[in-house]
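Engineer:
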Amino acid sequence: MPAPIATAPTVPHVSMLGLGVYRPRRVVPNSEIVDKIDSTDEWIQTRSGIVSRRWADDDETIVSMATAAARDAIEAAGLSPEDIDAVVLATSSQMVLGPSAAAIVATELGLYDAAAYDVAAGCSGFCYALGTASSIVRAGQAKNALVIGVEKLTDLVDEHDRTTAFIFADGAGAAVVGPSETEGLGPMTWGSDGEQTRAIKQDKDFQQYFEEVRQAAGTGEAPERPYVRMDGRAVFRWALTFLEKACRDTLDKAGLEAKDLDAFVPHQANNRIIDALVGALGLPEDIAVARDIIESGNTSAASVPMAMEQVLRTGGAKPGDTAMILGFGAGLAYAGQIVTLPPIKN
Ligand code: UT7
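In case it helps, my numbering puts the sequence shown at residues 1 to 346.
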């Protein structure tokens, strides 16, 4: 008979207790981008909804943006950094492979013994991180977990690429997940369609790039560095076929119907995808729909928490309201969850 192993004390209900964001200082209107990609302000607005986006300056790093968003989330939750015992950080644009950005952010926040790790799931990153963080809190493995989605995509975007240069942008969003009296984070619907791995990807790895640099030495040639590339039409088609079912499954698993929602907060990839989902799901007109894409562009793993904040800040929804969140992107991966919207910092 093996020695009995104790089980961690589980928590019946968990919720987002506070939300914070960091929006980079520099606002970049379409007019600053169009010449390099032979485009127009009208084309970008019509095809994507984007009017402007924020690009981070050199001093606005993955770590600094994540830490700022995290501080606001902790304050909004009415907690102190010492109440946090796990940090789960989602990003796909951290240029350093180790240590994890989460470990550095935890130290910046003054946490010296918190569990800390990164999650890479493209634009679904925050939703994957939120789902896993809610599970570790529910399983008694952390009391309060900090979940962060952060990107500095301008480090990975080719400013002459007509498909990515006007879409991708920078920013951070964070939420504290902890125990609550009622359920605030419903069951996840998540998946990853490996048939579509090429639809959004870095075009070559850095090893290959450095080999090209080595071979070009002395020739006067400069190999092109790695960039993120996207087959926009393929992602668009996939989104319209896969995501309606993901949303319906998310509602079913939570035992809710569309009419029970106060807000819909999908990944901010394209206003037309958001419109198509609202129509396909038959969402009632009085539901608040996040439209942060207009002023923030597509911030990948940061987009869902930033969009939650936009809906709360602009009064479309209030803390305590019921929302469906949905991340989707590189993988192609997706993750949906019904959530109770958290408070934001005043
Ligand atoms: O965050 C991860 C998930 N990402 C997404 O969900 C992105 C999904 N995809 C999209 O949002 C859209 O595909 C884009 C916004 C990227 C592009 O919009 P689209 O309506 O799919 O454009 P398209 O690629 O089908 O191109 C339509 C036309 C083409 O011209 P013709 O062949 O019709 O004459 C393109 O050459 O627009 C042209 N075009 C442009 N024109 C001006 C393509 N890119 C541009 C551009 N400016 N930047």
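Backbone N, C-alpha and C define an ideal beta-carbon position, used for all residues, glycine too. Remember, it's a predicted structure, so these values are computed and weren't measured experimentally.
Can you tell which of A121, P81, D161 has the C-alpha that lies nearest to the C-alpha of E108?
Structural biologist: Mapped onto the sequence shown, residue 108 falls at position 108. Checking every option, the nearest Cα to that of E108 belongs to P81.
Engineer: Tell me which residue opens and which closes the beta strand (DSSP E) that P226 is part of.
Structural biologist: Here residue 226 refers to the residue found at position 226 when the sequence shown is read from its first residue. For P226, there is no enclosing beta strand (DSSP E), since its DSSP letter is neither H nor E.
Engineer: Assign F166 to buried or exposed, taking buried as 16 or more other Cβ atoms, counted over all protein chains shown, within 10 Å of its Cβ.
Structural biologist: The residue given as residue 166 occupies position 166 in the sequence shown. Buried.
Engineer: Which one or two residues does DSSP pair with Q337 in a beta bridge?
Structural biologist: Stepping through the sequence shown from its first residue, residue 337 is reached at position 337. DSSP, once it has assigned bridges, lists I325 as partnering Q337.
Engineer: Does H160 pass the burial test, meaning 16 or more other C-beta atoms within 10 Å, or should it be called exposed?
Structural biologist: As a working note, residue 160 is residue 160 in the sequence shown. Exposed, by the Cβ-count rule.
Engineer: Shorter than 6 Å, the distance from the beta carbon of T182 to the closest heavy atom of ligand 1, or not?
Structural biologist: Numbered from its first residue, the sequence shown carries residue 182 at position 182. For ligand 1, not one heavy atom lies less than 6 Å from the Cβ of T182.
Engineer: Could you spell out the range, first to last residue, of the beta strand (DSSP E) harbouring A347?
Structural biologist: This structure gives no information on residue 347, because the portion of the chain shown stretches from 1 to 346.
Engineer: I'd like to check one pair, Y209 with P187: are the Cβ atoms closer than 7 Å?
Structural biologist: Locating residue 187 in the sequence shown gives position 187, counting from the first residue. Locating residue 209 in the sequence shown gives position 209, counting from the first residue. Their beta carbons are not under 7 Å apart, which means P187 does not touch Y209 by this criterion.
Engineer: Quick check: does the Cβ of G171 come within less than 6 Å of any heavy atom belonging to ligand 1?
Structural biologist: Numbered from its first residue, the sequence shown carries residue 171 at position 171. No.
Engineer: What are the boundary residues of the beta strand (DSSP E) that includes S192?
Structural biologist: Position 192 of the sequence shown holds residue 192. Annotation: the continuous beta strand (DSSP E) that includes S192 extends over 189-192.
Engineer: Suppose you measure from the CA of E257 to the CA of I338; what does that come to, to the nearest Å?
Structural biologist: Taking the sequence shown and counting its residues from 1, the one referred to as residue 257 is at position 257. Taking the sequence shown and counting its residues from 1, the one referred to as residue 338 is at position 338. Straight-line Cα distance between these residues: approximately 11 Å.
Engineer: With a 10 Å radius around its C-beta and 16 neighbouring C-beta atoms as the bar for buried, classify M306 as buried or exposed.
Structural biologist: On the sequence shown, position 306 is the one that residue 306 refers to. When all chains shown are included, M306 counts as buried.
Engineer: Does the Cβ of G98 have 16 or more other Cβ atoms within 10 Å, making it buried, or fewer, making it exposed?
Structural biologist: Along the sequence shown, read from residue 1 onward, the residue named residue 98 stands at position 98. Under this definition G98 is an exposed residue.
Engineer: Where DSSP assigns a beta bridge to L355, which residues make up the other side?
Structural biologist: Residue coverage of the chain in this structure runs from 1 to 346, which leaves residue 355 outside it and unanswerable.
Engineer: CA-CA distance, D158 and E183?
Structural biologist: Counting from 1 along the sequence shown, the entry for residue 158 is found at position 158. Counting from 1 along the sequence shown, the entry for residue 183 is found at position 183. Spanning the two alpha carbons is a distance of roughly 43 Å.
Engineer: Out of L153, A333, D321, G178, point me to the one whose CA is closest to V235's CA.
Structural biologist: For the purposes of this step, residue 235 is taken as the residue at position 235 of the sequence shown. Closest by alpha carbon: A333.
Engineer: From E181, E244, I44, pick the residue whose C-alpha is nearest to that of T340; which is it?
Structural biologist: Within the sequence shown, the letter at position 340 stands for residue 340. Nearest option by C-alpha distance: E181.
Engineer: Are G297 and G122 closer than 7 Å when you measure CB to CB?
Structural biologist: In the sequence shown, the residue the question calls residue 297 occupies position 297. In the sequence shown, the residue the question calls residue 122 occupies position 122. The answer is no: Cβ separation not under 7 Å.
Engineer: Near H267, which residues of its chain fall below 7 Å by C-beta distance, leaving aside the five closest residues on each side in sequence?
Structural biologist: Taking the first residue of the sequence shown as 1, we reach residue 267 at position 267. So the list reads C123, S303, V304, L326, G327, F328, G329, once near-sequence residues are dropped.
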